[in-house]
Amino acid sequence: FFLLPSGILVCTDVMARGIDIPEVHWVLQYDPPSSASAFVHRCGRTARIGNVGSALVFLLPMEESYINFLSINQKCPMQEMKPQTNVLDLLPKLKSMALADRAMFEKGMKAFVSYVQAYAKHECNLIFRIKDLDFASLARGFALLKMPKMPELRGKCFPDFTPVTVNTDSISFKDKNREKQRQKKLEQQR
700 FFLLPSGILV CTDVMARGID IPEVHWVLQY DPPSSASAFV HRCGRTARIG
750 NVGSALVFLL PMEESYINFL SINQKCPMQE MKPQTNVLDL LPKLKSMALA
800 DRAMFEKGMK AFVSYVQAYA KHECNLIFRI KDLDFASLAR GFALLKMPKM
850 PELRGKCFPD FTPVTVNTDS ISFKDKNREK QRQKKLEQQR
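This is the structure in structure tokens:
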């Protein structure tokens, strides 16, 4: 990565502290970390040693009070950046990829479950309230084919989410070995 003239490094919070990568110009945060101090450490990956850098965090409208919280709690000034309007909608492509490969289908489900569980445990739970989360929009954003079974969704209805009519059990792995293992497991369960 260090040898590339430019690039994008996708990482977890493990990179938020202690690892110095020179000349990081932007830190994009898909969602705020579970603690305010981790937010600052994430942003600290840019603008190192007197260099200029920028950080961006995506917030839902209901989460905008996080901006004031960070300003007071972490002395971290922020300004709004308007979203782009001419963006390419990749969700139909992601859904067709999930329909074509069980690995993609399962990754979407796991990512959704992880996101919801992390959201429920956020340190700033007065701002990031699980009861206010729009699960249907979130599921569409993760290109889910159906809602997963999980405690946080128990007893809830989602009229704004339309699951696919395909039986998702019929989605096979493109990887022949994984599909063979899955079929063997299904046979044992019968």
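FYI, in this note's numbering the residues of the sequence shown are 700 to 889. Virtual Cβ for every residue (Gly too), placed ideally from N, Cα, C.
* Asked: Cβ of G807 within 7 angstroms of Cβ of L837?
  -> Indexing the sequence shown from 1 puts residue 807 at position 108. Indexing the sequence shown from 1 puts residue 837 at position 138. It is not a contact, given that the beta carbons lie outside the stated cut-off.
* **Opening and closing residue of the alpha helix (DSSP H) in which V756 lies** => As a first step, residue 756 must be located in the sequence shown, where it is residue number 57. Segment 753-756 is the beta strand (DSSP E) holding V756; no alpha helix (DSSP H) there.
* Alpha-carbon to alpha-carbon, E878 and Q887 -> Reading the sequence shown from its first residue, position 188 is the one you call residue 887. Reading the sequence shown from its first residue, position 179 is the one you call residue 878. So the two alpha carbons sit approximately 14 angstroms from each other.
* Asked: CB F841 to CB A810, shorter than 7 angstroms?
  -> Translated into positions along the sequence shown, residue 841 becomes position 142. Translated into positions along the sequence shown, residue 810 becomes position 111. Contact annotation: F841 and A810 have beta-carbon atoms nearer than 7 angstroms.
* To do: Drop a sphere of 10 angstroms on the beta-carbon of C710, count the other beta-carbons inside from all chains shown, and report buried for 16 or more, exposed for fewer.
  => Counted from its first residue, the sequence shown places residue 710 at position 11. Burial check for C710: the Cβ neighbour count within 10 Å stays below 16, so the residue is exposed.
* **Cβ-based neighbour list, L755, same chain, cut-off 8 angstroms, excluding 5 preceding and 5 following** => By 1-based counting over the sequence shown, the position of residue 755 is 56. Around L755: W725, V726, L727, Q728, M780.
* Give me the Cβ distance between K873 and A817, rounded to the nearest whole Å; I'm assuming they're in contact under 8 angstroms. => Taking the first residue of the sequence shown as position 1, residue 873 is located at position 174. Taking the first residue of the sequence shown as position 1, residue 817 is located at position 118. With 8 angstroms as the limit, K873 and A817 do not qualify as a contact, their Cβ atoms being about 29 angstroms apart.
* For Q728, which of helix, strand or coil comes out of DSSP? -> What you label residue 728 is simply residue 29 of the sequence shown in a count that begins at 1. Of the three classes helix, strand and coil, the one that applies to Q728 here is strand, per DSSP.
* **Where D833 falls: helix, strand or coil (DSSP)** => Indexing the sequence shown from 1 puts residue 833 at position 134. Note: D833 maps to coil in three-state DSSP.
* Asked: Between V812, T784, R716, K820, which lies nearest to M849 when the distance is taken from Cα to Cα?
  -> What you label residue 849 is simply residue 150 of the sequence shown in a count that begins at 1. When only C-alpha atoms are compared, the closest one is V812.
* To do: Please go through the same chain and pick out, in chain order, the residues whose beta-carbon is closer than 6 angstroms to the beta-carbon of L790, but skip the five residues on each side of it.
  => On the sequence shown, residue 790 is found 91 positions in, with the first residue counted as 1. These residues qualify, in order along the chain: A842.
* To do: For A842, name the three-state secondary structure that DSSP assigns.
  => Sequence index remark: in the sequence shown, residue 842 carries index 143 (1-based). In the structure shown, A842 sits in coil (DSSP, three-state: anything other than H, G, I, E or B).
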